[in-house]
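Engineer: Below: one structure in structure tokens.
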Ligand SMILES: Cc1ncc(COP(=O)(O)O)c(C=O)c1O
């Protein structure tokens, strides 16, 4: 390595937590209202306003949001839902929990999102819904998905775990279909530690999700300990324990206030990486498509050992040795033994997802990152790939500063400001 190894480990996906949410949590603690209460209600209202959705219900995870959306859509045993093999297991498990059968449609090799042509090939008389994932924050082709859903009378349940800020031709992710399901897990663009949200256009669906999220207890149960006096509750169906706590919402309210500011920081890092790696023998993410807004949740590169001289996992080891945490989003779903055993899927049945899953690495891309962190990541990536690729015809080393276009250098200077600012704000 040409540069010295940093002292502390750069944790992948560390959230940018600031004083405002710390104070809000402290306030919740002091008020002793820890469970579902006024802060959850405010977070729901704020989220609805941000997304321009009609109704929002806060839950304890996106997995819960997906599960309840499927149930409320009236989908269950005997029904099929078409989804992507390039996702987190939660997407598939939620379908299984609802008693339905997941059916996979391969992804487009460039966008890495579900391929609409493939969806059409998988539709049967049992198909009831499409469950797209806006992978890494890049929107799926929603025009095509709406068209298919309309022609075959299918529901659309969007997995928006990566896509709080995502837009497709003016349509905000999660608002144009039947349900939009969001995650506020630690590494997500808006974080509450653990947490999720469903948005929907129908009041009755939101009300049923709320009931199912708390044991199937009637609506008033959420307020049964308030100062307006004890209220008896009625269990109207067999629900779950999926509600969000005020303690979580206290974090989310302030995270959401900074959602756009944090998006800009991640975009700067994303652009910086794009320029810094432009001459490396790796596949970089495609630029966002016209008329869309990428949420810049993940920055992924594809390591092809034939071109780079080292495997994806050797690259990950190299990053770890250099104290950089990275992620893999994702091994394709059929690589996991449970799904192979249960559904008979083979990775080779979904070749695009398989190849991406075997080559992909996510580099740190959090609003918490300073420009020094991002530069260190870029230098390390370049060093690792340079060491192995030297001597290979495909690789021509160019001094890094020489490949950075002027606008990116300006971006870095601006980023340096935000690095300093965010540090002082954290004090
Ligand atoms: C694509 C996708 N779907 C669903 C989930 C589940 O989210 P949660 O952890 O909030 O249940 C995740 C979480 O990482 C995800 O990345």
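In this note's numbering, the protein residues as written are 1 to 427. All C-beta atoms, glycine included, are put in the ideal place defined by N, C-alpha and C. Only a predicted model underlies this, so the values are computations on that prediction, with no experimental measurement involved.
Beta-carbon separation of residue 196 and residue 182 under 8 Å?
Structural biologist: Counted from its first residue, the chain shown places residue 196 at position 196. Counted from its first residue, the chain shown places residue 182 at position 182. Result yes, Cβ atoms of residue 196 and residue 182 sit closer than 8 Å.
Engineer: Between the alpha carbons of residue 295 and residue 132, how many angstroms are there, rounded?
Structural biologist: Here residue 295 is taken as the residue at index 295 of the chain shown, counted from 1. Here residue 132 is taken as the residue at index 132 of the chain shown, counted from 1. Using only the alpha carbons, I get a separation of about 16 Å.
Engineer: May I ask you to report which of helix, strand or coil DSSP gives residue 323?
Structural biologist: Taking the chain shown and counting its residues from 1, the one referred to as residue 323 is at position 323. Coil, per DSSP.
Engineer: Tell me residue 243's beta-bridge partners as DSSP assigns them.
Structural biologist: If you number the chain shown from 1, residue 243 lands on position 243. Partner(s): 59.
Engineer: Quick one: which unbroken alpha helix (DSSP H) runs of 4-plus residues sit fully inside the stretch 228-291? Chain order, please.
Structural biologist: For the stretch 228-291, whole alpha helix (DSSP H) runs of length 4 or above, ordered along the chain, are 246-257, 259-276.
Engineer: Hey, quick one: how far does the beta strand (DSSP E) through residue 199 stretch, first residue to last?
Structural biologist: Position 199 of the chain shown, counted from the start, is the residue given in the question as residue 199. 196-200 is the span of the beta strand (DSSP E), which, as asked, contains residue 199.
Engineer: Reducing DSSP to helix, strand and coil, say where residue 362 ends up.
Structural biologist: Here residue 362 refers to the residue found at position 362 of the chain shown. Strand, per DSSP.
Engineer: Is the stretch 309-325 close to the stretch 165-172, with three or more CB pairs under 8 Å?
Structural biologist: Taking 8 Å as the limit for Cβ pairs, the verdict is that the stretch 165-172 does not touch the stretch 309-325.
Engineer: Mind listing, in chain order, the continuous beta strand (DSSP E) runs of no fewer than 3 residues lying wholly within the stretch 68-155?
Structural biologist: 80-83, 101-104, 127-131, all fully within the stretch 68-155.
Engineer: Could you give the residue range of the beta strand (DSSP E) that holds residue 191?
Structural biologist: In the chain shown, counting from the first residue as 1, residue 191 sits at position 191. Note, residue 191: premise wrong, no beta strand (DSSP E); not H, not E.
Engineer: Give the single residue among 98, 38, 199, 110 whose Cα lies nearest to the Cα of residue 51.
Structural biologist: Counting from one through the chain shown, the residue named residue 51 turns up at place 51. Nearest of 98, 38, 199, 110 to residue 51, Cα basis: 199.
Engineer: What residues in its chain sit with their C-beta under 6 Å from that of residue 97, if we drop five residues either side in the sequence?
Structural biologist: Position 97 of the chain shown, counted from the first residue, corresponds to residue 97. Taken in chain order, the residues that qualify are 67.
Engineer: Among 366, 18, 41, whose alpha-carbon lies nearest the alpha-carbon of residue 273?
Structural biologist: Taking the first residue of the chain shown as 1, we reach residue 273 at position 273. With distances taken between Cα atoms, residue 273 lies closest to 366.
Engineer: Got a sec, what are the start and stop residues for the alpha helix (DSSP H) residue 49 sits in?
Structural biologist: Here residue 49 refers to the residue found at position 49 of the chain shown. Counting along the chain, the alpha helix (DSSP H) containing residue 49 begins and ends at 38-51.
Engineer: With respect to 7 Å, is the separation between the Cβ of residue 91 and the closest non-hydrogen atom of ligand 1 below this value?
Structural biologist: The sequence position of residue 91 within the chain shown is 91, counting from 1. Yes - ligand 1 has a heavy atom lying nearer than 7 Å to the Cβ of residue 91.
Engineer: Give every residue of the same chain whose Cβ lies closer than 6 Å to the Cβ of residue 122, excluding the five residues on either side of it in the sequence, and list them in chain order.
Structural biologist: For the purposes of this step, residue 122 is taken as residue 122 along the chain shown, with counting starting at 1. Same-chain partners within the cutoff: 82, 103, 105.
Engineer: What residue range is occupied by the uninterrupted alpha helix (DSSP H) comprising residue 338?
Structural biologist: Mapped onto the chain shown, residue 338 falls at position 338. Residues 337-343.
Engineer: Taking the alpha-carbon of residue 178 as reference, which of 204, 164, 184 has the nearest alpha-carbon?
Structural biologist: In the chain shown, counting from the first residue as 1, residue 178 sits at position 178. Ranking the options by Cα distance to residue 178, first place goes to 204.
Engineer: Taking the continuous alpha helix (DSSP H) assigned at residue 305, which residues delimit it?
Structural biologist: Residue 305 sits at position 305 when you count from the first residue of the chain shown. Where residue 305 is concerned, the enclosing alpha helix (DSSP H) stretches over 305-308.
Engineer: Using only CA atoms, which one of 120, 386, 134, 126 lies nearest to residue 151?
Structural biologist: Counting from 1 along the chain shown, the entry for residue 151 is found at position 151. Considering only alpha carbons, the answer is 120.
Engineer: If we count the other Cβ atoms within 10 Å of its Cβ and call it buried at 16 or more, is residue 491 buried or exposed?
Structural biologist: Only positions 1 to 427 of the chain appear in the structure, and residue 491 is not among them; the question remains open.
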